[in-house]
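Residue numbers (my numbering), protein chains in the order written: chain A, 1 to 260; chain B, 1001 to 1360.
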């Protein structure tokens, strides 16, 4: 008893044993158990081909994209404590965040992380293309990945408006301005003038897709609220579901790609 | 003197053909590009050039904008990963030519290893490194915040977030319905369609260029030249009124660029035929309409018949896949085509139907 190390003593306690139901992962049985028995780690296979763990092959970009997504979720949650999405308060809340929170870097991490996530998701896609990993049987998962890429851009885009400064509203004005040129569904798009009955214009700036997106004819308070909800709740929920599908299919389609 | 030359060269009229030629050379001599020696020499060459760029106050004032820092990270990363992918592909192609298997397929690499510790520790390390990187970045650079939103005062230039600037740059050549809606939609649809169009079974799970030349060339051209390059132009070279400014040029609000762009219908009816524009819209634009329809409906069958590569592709893919592939490629190349027509003939629209908001 006395020649046991402190680590072994901790491992022998009832508390430790209740949390980790297996010994240290230094033998085959426990290495399998640690992956299979842990809800977070069980996303991994127990064993995988050596080529699939090499950094030179994976570049780790997909994993980092997910990690940054989690980091953005946490920092975003913290920011939500300080931020009110109204034209009256939004900008001042950001100022207050900057002025009154000592050593605060949550907004910085959130903003730079958002940019970083766009970059890592692009590079992940580049790697997947260059290794031909979209080829059968992984065609469907590539499609899920493309949707996730689009949603990443939309997450970043909707978040861009929230500081409610000049940079924000004009970038969103330029970006959302494209929606009014949507064929048939935007008031300045081709085909919109076909949708009129006599003098009654069916697609106008009061009801086209841009109006639905912004909740108005310009980037105003309704747009702020819409973008806030899209950014904090709606898109993250969809992304969360699709990430689950994406990861599940990585495993079900035979794990990370390797030569057939 | 040298700075003026760089300013001139970076104008898309010159830099776009240069980038395209550079892209072609990169793939043609990919085995040389993929050597470590090439990477060392390029880096050695780029360091003094970058230093020289940064020493310029005008260029530095654009670079130091906080939201432009991610673009610099993107450029460094894209440069590196492009080289790295080519490096890996060249290595594997040399092995395949020698009758060996790709490195990823060696018995040693096919061997199964435990996720714990091999995979989870790599992930842990990557997460720590990423966290450290983000924290340092966040401490050094404050998140940008300008004056409070003012709907009555538009900044000039008003730019979209940087990852959409490639699309905003396309607005120079296309109307919003194309640049902002149709082409981005086709990018997404085309990307999703990639695995269903590319029936080549080779190159699945390892880096190679030789076995997938067509797929990689098409994808890389879209990604590097039409996406990343246009973002660079949109971020660094477009100033007030979306006018071109060289990297060393001061963003002078009064810079006037003469532009007399004309439509195809005006060139043909007025300049060549010497008659006025016909009243009937369809007759007025008939040449542009015929050209546009012919572009997407005649080129694919012609290529399948007349060219060797086209015939092989048609036989390999079958009619449906072949046509979808050609359609996507033609839509992609419509951008460089419109750029070149603009620069050569000051052409504004091939089909100009502002009455229907339908300009091509």
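Ideal placement from N, C-alpha and C gives every residue a C-beta, glycine not left out. Every value quoted in this text rests on a predicted model; they were computed, and no experiment measured them.
Assign residue 1244 of chain B to one of three DSSP states: helix, strand, or coil.
-> Correct three-state label for residue 1244 of chain B: strand.
What residues in the stretch 184-203 of chain A bring their beta carbon closer than 7 angstroms to a beta carbon of chain B?
-> For the stretch 184-203 of chain A, which is checked against every Cβ of chain B, the residues closer than 7 angstroms are 188, 189, 190, 192, 193.
Proximity test, Cβ basis, 8 angstroms: residue 129 of chain A and chain B = yes
In the stretch 226-256 of chain A, which residues sit with their C-beta less than 9 angstroms from some C-beta in chain B, listed in chain order?
-> 256
From residue 57 of chain A to residue 1210 of chain B, what distance separates their C-alpha atoms?
-> Going by C-alpha positions, residue 57 of chain A is about 18 angstroms away from residue 1210 of chain B.
7 angstroms Cβ cut-off: residues of chain B touching residue 115 of chain A = Neighbours of residue 115 of chain A on chain B, chain order: 1070.
Return the bridge partner residues of residue 1114 of chain B from the DSSP annotation.
-> Note: residue 1114 of chain B sits in a beta bridge opposite A:47.
Within this structure, are the beta carbons of residue 1143 of chain B and residue 170 of chain A separated by less than 8 angstroms?
-> no
May I have a chain-ordered list of the beta strand (DSSP E) segments no shorter than 3 residues that lie completely inside the stretch 8-75 of chain A?
-> 47-49
Go ahead and label residue 248 of chain A buried or exposed: buried means 16 or more other beta carbons lie within 10 angstroms of its beta carbon, across all protein chains shown.
-> exposed
Check the Cβ-Cβ distances between residue 1118 of chain B and every residue of chain A, and say whether any is below 8 angstroms.
-> yes
Could you check the C-alpha separation between residue 1080 of chain B and residue 127 of chain A for me, to the nearest Å?
-> 12 angstroms
Residue burial classification, residue 1264 of chain B (beta-carbon count within 10 angstroms, cutoff 16) = Taking all protein chains shown into account, residue 1264 of chain B has 16 or more neighbouring C-beta atoms within 10 Å of its C-beta and is therefore buried.
Along chain A, which residues have their Cβ under 8 angstroms away from the Cβ of residue 1122 of chain B?
-> 53, 55, 60
Residues in its own chain within less than 8 angstroms of residue 168 of chain A by CB, not counting five upstream and five downstream?
-> 160, 161, 162
List the residues of chain B whose Cβ lies closer than 7 angstroms to the Cβ of residue 178 of chain A, in chain order.
-> 1176, 1180, 1181
Which of helix, strand or coil DSSP assigns to residue 1053 of chain B | helix
What residues match up with residue 200 of chain A in a beta bridge as DSSP calls it?
-> A:197
Along chain A, which residues have their Cβ under 7 angstroms away from the Cβ of residue 1127 of chain B?
-> 67
Is the Cβ-Cβ distance between residue 1260 of chain B and residue 1059 of chain B less than 8 angstroms?
-> no
Quick one: which residues of the stretch 1145-1169 of chain B get their C-beta closer than 7 angstroms to a C-beta of chain A? List them in chain order.
-> Here the close residues are 1145, 1146, 1147, 1148, 1149, 1150, 1151, 1154, 1155, 1158, 1159, 1160, 1161, 1163, 1164, 1168.
Taking contact to mean at least 3 C-beta pairs separated by less than 8 angstroms, is the stretch 221-239 of chain A in contact with the stretch 1193-1213 of chain B?
-> Fewer than three beta-carbon pairs drawn from the stretch 221-239 of chain A and the stretch 1193-1213 of chain B are found closer than 8 angstroms, and the two stretches are therefore not classed as touching.
Do residue 1349 of chain B and residue 1360 of chain B come within 8 angstroms of each other at the CB atom, strictly closer than that value?
-> Yes, the pair counts as a contact, with Cβ atoms nearer than the cut-off.
For residue 1103 of chain B, the nearest candidate out of A:125, A:51, A:124 (CA to CA) | A:51
Using a beta-carbon distance below 8 angstroms, is residue 215 of chain A in contact with chain B?
-> no
Which residues bound the alpha helix (DSSP H) around residue 1071 of chain B?
-> 1069-1097
Look at the alpha carbon of residue 245 of chain A and the alpha carbon of residue 146 of chain A, and state the distance between them as a whole number of angstroms.
-> When the Cα atoms are used, residue 245 of chain A and residue 146 of chain A turn out to be separated by approximately 13 angstroms.
So residue 141 of chain A is in the alpha helix (DSSP H); what residue range does that whole segment cover?
-> 139-161
Three CB pairs or more closer than 8 angstroms across the stretch 1083-1097 of chain B and the stretch 1029-1047 of chain B = yes
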